[in-house]
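Peer 1:
Numbering (our numbering), first residue to last: 396 to 693.
#1: Distance, Cα to Cα, residue 689 vs residue 663?
#2: Mind checking which residues open and close the alpha helix (DSSP H) that includes residue 397?
#3: Please state the DSSP three-state secondary structure of residue 672.
#4: Ordered along the chain, which non-local residues of its own chain (more than five positions away) have a Cβ less than 6 Å from that of residue 495?
#5: Near residue 417, which residues of its chain fall below 8 Å by C-beta distance, leaving aside the five closest residues on each side in sequence?
#6: Can you list, in chain order, the residues of its chain with a C-beta nearer than 6 Å to that of residue 528? Leave out the 5 residues immediately preceding and following it.
#7: Quick one: give me the first and last residue of the beta strand (DSSP E) that residue 493 is part of.
#8: Using 8 Å as the threshold, is the C-beta distance between residue 606 and residue 573 below it?
#9: Please name the residue, chosen from 665, 557, 474 and 449, that lies closest to residue 644 on a Cα-to-Cα basis.
#10: Where does the unbroken alpha helix (DSSP H) through residue 552 begin, and where does it stop?
#11: Quick check on residue 510: buried or exposed, where buried means 16 or more other Cβ atoms within 10 Å of its Cβ?
#12: Roughly how many angstroms separate the alpha carbons of residue 660 and residue 412, rounded to a whole number?
#13: Taking the beta carbon of residue 443 as the centre, do at least 16 other beta carbons fall within 10 Å, making it buried, or is it exposed?
#14: Taking its Cβ as the centre, do 16 or more other Cβ atoms sit within 10 Å of residue 538, making it buried, or is it exposed?
#15: On a CA-only basis, which of 397, 506, 440 and 463 is nearest residue 422? Give me that one, please.
#16: Within 10 angstroms of its Cβ, does residue 629 collect 16 or more other Cβ (buried), or is it exposed?
#17: Whole angstroms is fine: what's the gap from residue 506's alpha carbon to residue 424's?
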């Protein structure tokens, strides 16, 4: 049974394990303690919790192990981001969007309707959109979405097989003693702080090509070409060279946690500027550029 999209939001799924919870509400309260009883009761009343047959579930329904529930995320008083996404390209297979800073690609944290995916569903009417890759919420620039299930493996393979040429731009301090261009390789792993990444000793698993585009006093605009796609790779690689990105709240030190209030006046100076590839579905050569700009324009 297909679970429908509601107001641009796909349903989240939770499997019900063996256990002695009296009702589905009791289970959900224990499984997801960050969501209050009042909020769950409102979701049940709004028919935002469904069973495997896509039928609304009552909060008092008896718990049945080895089944599944589906629920829709909803955030009361969701903050409004200062900028909207735009579409750079669309055909019957693919959408390429320009994502502003601060916007998550998919619903996350305090943002659902403001997420890029939900905005694009509203703009295009295509409920089956799926992101083909991700960029950080703090990063602006190009994100690709697939429109048809039958095409998705082919597009995902572009990233898996490193057949997608991605170019980023970043603003960071200028160090005339640092020889550029250069290739930076290192081993990255999750940090003790769950939202950060760290470099460690060992066999490299990440690679970035770094070039200097322009200087402006003590600041500079850099071109970054990631060969691999590790989380926060560009931010960590630049920091390790003594060039932390302007506006970075996580590196080299945590200035503001991921759940802190936003400061829209100081966006991270990192932009997914362009992508180029051979379309695996149509065979055409594709190249797209973001229309967004950083504080130093090239």
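Cβ coordinates follow ideal geometry from the N, Cα and C atoms, glycine included. Owing to the predicted nature of the structure, the values given are computational and were not obtained by experimental measurement.
Peer 2: Here's the rundown:
#1: Looking up residue 689 in the chain shown gives position 294. Looking up residue 663 in the chain shown gives position 268. Near 9 Å, if we compare the C-alpha coordinates of residue 663 and residue 689.
#2: The residue given as residue 397 occupies position 2 in the chain shown. It is not in any alpha helix (DSSP H) - residue 397 carries neither H nor E in the DSSP assignment.
#3: Within the chain shown, numbered from 1, the residue matching residue 672 stands at position 277. The answer is strand: DSSP assigns residue 672 an E or B state.
#4: Taking the first residue of the chain shown as 1, we reach residue 495 at position 100. Result list for residue 495: 478 and 535, in chain order.
#5: Position 22 of the chain shown, counted from the first residue, corresponds to residue 417. Closer than 8 Å at the Cβ level, and outside the excluded window around residue 417, lie 457 and 458.
#6: On the chain shown, residue 528 is found 133 positions in, with the first residue counted as 1. So the qualifying residues of the chain are 554.
#7: Indexing the chain shown from 1 puts residue 493 at position 98. It spans 489-494 - the beta strand (DSSP E) in which residue 493 sits, taken as one unbroken run.
#8: Taking the first residue of the chain shown as position 1, residue 606 is located at position 211. Taking the first residue of the chain shown as position 1, residue 573 is located at position 178. For residue 606 and residue 573, no; Cβs fall outside 8 Å.
#9: Within the chain shown, the letter at position 249 stands for residue 644. Minimum Cα distance to residue 644 is reached at 665.
#10: Stepping through the chain shown from its first residue, residue 552 is reached at position 157. Here the alpha helix (DSSP H) through residue 552 covers 544-555.
#11: As a first step, residue 510 is located in the chain shown; it is residue number 115 there, counting from the start. That one is buried.
#12: As a position in the chain shown, residue 660 is number 265, starting the count at 1. As a position in the chain shown, residue 412 is number 17, starting the count at 1. Each residue's Cα considered, the two are about 45 Å apart.
#13: For the purposes of this step, residue 443 is identified with residue 48 of the chain shown, where counting begins at 1. Answer is buried; the Cβ neighbour count reaches 16.
#14: Here residue 538 corresponds to residue number 143 of the chain shown, with the count starting at 1. Counting Cβ neighbours within 10 Å, residue 538 comes out buried, since at least 16 surround it.
#15: One-based indexing of the chain shown puts residue 422 at position 27. If we check each option's Cα against that of residue 422, 463 comes out closest.
#16: Taking the first residue of the chain shown as 1, we reach residue 629 at position 234. Classification for residue 629: buried.
#17: If you number the chain shown from 1, residue 506 lands on position 111. If you number the chain shown from 1, residue 424 lands on position 29. Distance between the alpha carbons of residue 506 and residue 424 is about 21 Å.
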